[in-house]
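See below for the structure under consideration.
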Amino acid sequence: MRARIAVLAMSLAVLSAPAWSQQFNQFVGFGDSTVDSGWYRNPAFPTGNAAVDAALPAAVANGGGLSTTGPGPVSSQVLGGDFGLNTDPANQSGSNYATGGARNNQAGTNPNSVATVTQIQNYLAANSGVANANALYLIGSGGNDVSLYVGQVNSAAITLAQGIQDVTQSANDLVGAIVSLRAAGARTIVIPNQPQSFGTATEQTLRASYNNALWWGLYAAGVNFIPSDINAVVQAVAANPTSFGFIPAAGPACNAGTLAVSILLCTPQTLVAPDAAQTHFFADAGTHFSTAGQKVVADYEYSLLVAPSMMSMLAEAPLKTRAALIDVIRNQIPVSQAGQGKFSTWLSGDVSSLHLENAPGFPDDPGTPVALSAGFAYKLPADWLAGVALTTGLQKASFGLGFGSFTQKEFAASIYAAHTLGPVWFDVVATYGTIDYDIARSVPVGITVQNNAASTRGSNISLAGEAGYNFRSGAFTHGPVAGLTVAQVHVDGFVEAGSFTSLGFDSQTRNSAVSEFGYQVSYDAGRWQPFGKVAWDHELVSADRQVTAFLTTASAPGFSLPAVVPGQGWVTATAGVKFALAANVTGLLAVTDIIAEQNVRLFGGQFGVNVSF
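In the numbering used here, the protein residues as written are 4 to 616.
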């Protein structure tokens, strides 16, 4: 307990600092046809394949020109669109540099494709060597490299061991480029793997070698990135295709004649059935996904990006519920001080509407916390008051956007003291609480909803002090008030279970130190005593923290993304009334509103009864 309080005290030395807000303002793509959003639709940039280039204008007119069942979007377009971002190709006023046929660092399958390493270099050159720190980066590359070396192994041009060395070198080339991108300022980088559980033994071996070299090479280089397990997505669809709306064992959605030329020519007119874009998982023979398949991939990747900020609310919400508990105790202190006897006991309930808002495109967190507190106070000599209180609280909060909910149950014990010395007064409230969490994170993927569940525990410790000066003018009492509340919420790590979208989350700690400067007033009308307070609150501890998650479907490095960022300053307004129910019984009603806090909306009320004896 002493160590925890010491940590809280040390947090006062941490000054406010700008937080890394996960609010994306640009989409930047690199890679091959799995990311390409229509590079070759620009006639000034032909593929270099005469047959494809001759047929492409007509296909584009009918919605083709993408590596899917056109005119449906590819996953990069869906993912960027989830955050309201432009995903157009870089040769069409956008910032998606991916080109179909690209390999990592050598000539691609299309004569005019641009190697992924070169794409990254071109992006940095076009931006004076600076990467947009607030952009969402998607880098999908390596499939064409693996296919090249699979073919060479199958034709006996190289051995399998040499193939492994070659795909590893391809991965290392990309690692070097991504390291440069990260050093230039890129922070949120999604990197899919190759589906290593499918294909021939040679394909599986080389894909696994590539994936291992890429992901763990980036980890060794210190790059924080979001690993997208496309292999797990394909496995999940293969295991139960009908749940996703796909026909089991369905072949390519595009007809064989079109695919023999290029996937870029796939349009509604070339589908094997009118609804094939929605009922077939693949657009071709296992390389590119259909329109519905692309959405499945994008929805999965979207869930990876938003999950850490959602889980950060587990540590953020208890700060607000703790503030409500402290207010309950502080409202009861003057009632106990004014009581006729030395002892007083009280009971108070409160209910709030709490909404933690997130960045655009991210799920929010609306909830309705309720709590019941019981306290006992004793008047000591020289105008001292000491008390204890027990509180049980419950909050069920929704993640919003159909992403499930979490339940927060807290049991807290408080000790408090107050003293008046003429017009000067002060109080101190120390509280320790244990928290139980039940998390039900739902992930919409395609037409399905993937349900994940987990439970964990946490703690919430706080120390609050407040002081003021009272001016008395007849029945009016008014004066300035100042205070400080330091708190620390800790949430234990946990691992979800339920689906291929399940994640694990490391423990997290949210430190807080909130200063308060305000003015309060009360009026003694005999039986009725209305009161009010308006205060400016300011968070002194930086809210710049991150939450670390990790995949449960693959061996991959964990990834850290920003927590939800609340406001650093706000106004708290309280209005209430104390009223005599009997000679030694006092009732209390109060409402509190948090005004003008960024990303937080809170309105609450409390009712209490205090008996003096």
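Here a beta-carbon is modelled for each residue, glycine too, at the ideal position from N, C-alpha and C.
Here the structure is a predicted model, which means the values were calculated and not measured.
- If we count the other Cβ atoms within 10 Å of its Cβ and call it buried at 16 or more, is P251 buried or exposed? The residue you call residue 251 lines up with position 248 of the sequence shown. A residue is called buried once 16 or more other Cβ atoms fall within 10 Å of its Cβ, and P251, having fewer, is exposed.
- Task: Following the continuous beta strand (DSSP E) through I464, name the residue where it begins and the one where it ends.
- Result: Position 461 of the sequence shown, counting from 1, holds the residue named residue 464. Run containing I464: T451 to Y472, per the beta strand (DSSP E) assignment.
- Query: According to DSSP, is S518 helix, strand or coil?
  - Reply: Here residue 518 is taken as the residue at index 515 of the sequence shown, counted from 1. If DSSP states are grouped into helix, strand and coil, S518 belongs with the strands.
- Item | Classification of F284 by the beta-carbon crowding that lies within 10 angstroms, buried from 16 upward | If you number the sequence shown from 1, residue 284 lands on position 281. Buried: at least 16 other Cβ atoms inside 10 Å.
- Item | S351 vs G611 beta-carbon contact at 7 Å | Locating residue 351 in the sequence shown gives position 348, counting from the first residue. Locating residue 611 in the sequence shown gives position 608, counting from the first residue. Yes. Within cutoff.
- Query: Taking just the CA atoms, how far does G482 sit from E600?
  - Reply: The residue given as residue 600 occupies position 597 in the sequence shown. The residue given as residue 482 occupies position 479 in the sequence shown. Between E600 and G482, the C-alpha separation is close to 25 Å.
- Task: For F346, count neighbouring C-beta atoms within 10 Å of its own C-beta (all shown protein chains included) and say buried if the count is 16 or more, exposed if not.
- Result: Residue numbering aside, residue 346 sits at position 343 when the sequence shown is read from its first letter. F346 comes out exposed.
- Query: Is L350 helix, strand or coil when you go by DSSP?
  - Reply: Here residue 350 corresponds to residue number 347 of the sequence shown, with the count starting at 1. The three-state reading of DSSP puts L350 in strand, counting E and B together.
- Roughly how many angstroms separate the alpha carbons of G111 and F402, rounded to a whole number? Within the sequence shown, residue 111 is the residue found at index 108, counting from 1. Within the sequence shown, residue 402 is the residue found at index 399, counting from 1. Using only the alpha carbons, I get a separation of about 43 Å.
- Is DSSP giving V189 helix, strand or coil here? Taking the sequence shown and counting its residues from 1, one reaches residue 189 at position 186. Here residue 189 is Ala; the residue named in the question, Val, does not match the sequence. Coil at A189, not helix or strand.
- Evaluate contact between the segment 133 to 145 and the segment 58 to 73, counting only Cβ atoms and requiring at least three cross-stretch pairs below 8 Å. Using a Cβ-Cβ distance cut-off of 8 Å, the segment 133 to 145 and the segment 58 to 73 are not in contact, since fewer than three pairs of beta carbons, one from each stretch, lie closer than that value.
- Message: Going residue by residue through the segment 48 to 77, where are the continuous alpha helix (DSSP H) segments of at least 4 residues, counting only ones entirely within it?
- Response: 53 to 64
- Message: Does the contact criterion of 3 or more C-beta pairs under 8 Å hold for the segment 379 to 386 versus the segment 353 to 361?
- Response: no
- Query: Per DSSP, which one or two residues make a beta bridge with R513?
  - Reply: Taking the sequence shown and counting its residues from 1, one reaches residue 513 at position 510. R513 is bridged to V492.
- Message: Can you list, in chain order, the residues of its chain with a C-beta nearer than 7 Å to that of P337? Leave out the 5 residues immediately preceding and following it.
- Response: Reading the sequence shown from its first residue, position 334 is the one you call residue 337. Counting only Cβ-Cβ distances below 7 Å, and skipping sequence neighbours, we find nothing.
- Message: Quick check on T102: buried or exposed, where buried means 16 or more other Cβ atoms within 10 Å of its Cβ?
- Response: Taking the first residue of the sequence shown as position 1, residue 102 is located at position 99. Buried, since its Cβ has 16 or more Cβ neighbours within 10 Å.
- Task: Provide the residue span of the beta strand (DSSP E) that contains Y440, from first to last.
- Result: Within the sequence shown, numbered from 1, the residue matching residue 440 stands at position 437. Run containing Y440: V427 to V448, per the beta strand (DSSP E) assignment.
- Item | Burial state of A6, where buried means 16 or more other Cβ atoms lie within 10 Å | In the sequence shown, residue 6 corresponds to position 3, counting from 1. Any answer about A6 is weak, because its pLDDT of 41 lies below 50 and its placement is not dependable; what the coordinates show is given next. Residue environment analysis places A6 among the exposed positions, since fewer than 16 neighbouring C-beta atoms fall within 10 angstroms of its C-beta.
- Within the same chain, show all residues whose beta-carbon is closer than 8 Å to that of V617, passing over the 5 residues directly before and after it, in chain order. In this structure the chain extends from 4 to 616, so residue 617 is not present and cannot be described.
- If we ignore side chains and look at the alpha-carbon of each, how far apart do A578 and D596 end up? As a first step, residue 578 must be located in the sequence shown, where it is residue number 575. As a first step, residue 596 must be located in the sequence shown, where it is residue number 593. Roughly 9 Å between the two C-alpha positions.
- Query: Hey, would you say S312 sits closer than 7 Å to N234, going by beta carbons?
  - Reply: Working through the sequence shown from its first residue, we reach residue 312 at position 309. Working through the sequence shown from its first residue, we reach residue 234 at position 231. It is not a contact, given that the beta carbons lie outside the stated cut-off.
- What do you get for L18, buried or exposed, if any count of 16 or more other CB atoms within 10 angstroms of its CB means buried? Taking the sequence shown and counting its residues from 1, the one referred to as residue 18 is at position 15. Annotation note: pLDDT 36 at L18 (below 50); position unreliable, coordinate value reported separately. So L18 counts as exposed.
- Item | Enclosing beta strand (DSSP E) for E360 [first to last residue] | To locate residue 360, count along the sequence shown from 1; it is residue 357. That residue, E360, is in no beta strand (DSSP E); it is neither H nor E in DSSP.
- Bounding residues of the beta strand (DSSP E) (the contiguous stretch that carries S417): Indexing the sequence shown from 1 puts residue 417 at position 414. S417 -> beta strand (DSSP E) spans G407 to L424.
- Task: Flag this pair as touching only if the segment 537 to 546 and the segment 193 to 200 have three or more C-beta atom pairs under 8 Å; answer yes or no.
- Result: no
- Query: Beta carbon of L82, beta carbon of E304: below 7 Å?
  - Reply: Here residue 82 refers to the residue found at position 79 when the sequence shown is read from its first residue. Here residue 304 refers to the residue found at position 301 when the sequence shown is read from its first residue. A contact, by the Cβ cut-off of 7 Å.
- Just confirm the distance between the C-beta atoms of P447 and G405, as a whole number of angstroms; I'd bet it's less than 8 Å. Indexing the sequence shown from 1 puts residue 447 at position 444. Indexing the sequence shown from 1 puts residue 405 at position 402. Right, the Cβ-Cβ distance comes to about 5 Å (below 8 Å), so this counts as a contact.
- Message: In chain order, what are the residue ranges of uninterrupted alpha helix (DSSP H) at least 4 long that sit wholly in the segment 171 to 228?
- Response: 204 to 223
- Message: Taking the beta carbon of A20 as the centre, do at least 16 other beta carbons fall within 10 Å, making it buried, or is it exposed?
- Response: Start at 1 with the first residue of the sequence shown, and residue 20 comes out as number 17. Low confidence applies to A20: its pLDDT is 36, below 50, so where it sits in the model is not reliable, and the reading given next is rough at best. By the 10 Å Cβ count, A20 comes out exposed.
- Return the CA-CA distance between V494 and A566, expressed in angstroms with no decimal places. For the purposes of this step, residue 494 is taken as residue 491 along the sequence shown, with counting starting at 1. For the purposes of this step, residue 566 is taken as residue 563 along the sequence shown, with counting starting at 1. Near 13 Å, if we compare the C-alpha coordinates of A566 and V494.
- Query: Where does T121 sit, in a helix, a strand or coil, going by DSSP?
  - Reply: Taking the first residue of the sequence shown as 1, we reach residue 121 at position 118. DSSP, read as helix, strand or coil, puts T121 in helix.
- Query: How about A467 and T451: do their beta carbons lie closer than 7 Å?
  - Reply: Position 464 of the sequence shown holds residue 467. Position 448 of the sequence shown holds residue 451. No, the Cβ-Cβ distance between A467 and T451 is not below 7 Å.
- Out of curiosity, what's the CA-to-CA distance linking D527 and K323? In the sequence shown, residue 527 corresponds to position 524, counting from 1. In the sequence shown, residue 323 corresponds to position 320, counting from 1. Taking the straight line joining both Cα atoms gives about 30 Å.
- Message: By the three-class DSSP mapping on this structure, what secondary structure does Y140 have?
- Response: Translated into positions along the sequence shown, residue 140 becomes position 137. Strand at Y140.
- Item | CB-CB length for G342 against N587, believed under 8 Å | On the sequence shown, position 339 is the one that residue 342 refers to. On the sequence shown, position 584 is the one that residue 587 refers to. That pair is a contact at about 7 Å.
- Limits of the beta strand (DSSP E) - the one that A392 falls within: Here residue 392 is taken as the residue at index 389 of the sequence shown, counted from 1. Where A392 is concerned, the enclosing beta strand (DSSP E) stretches over W387 to S401.
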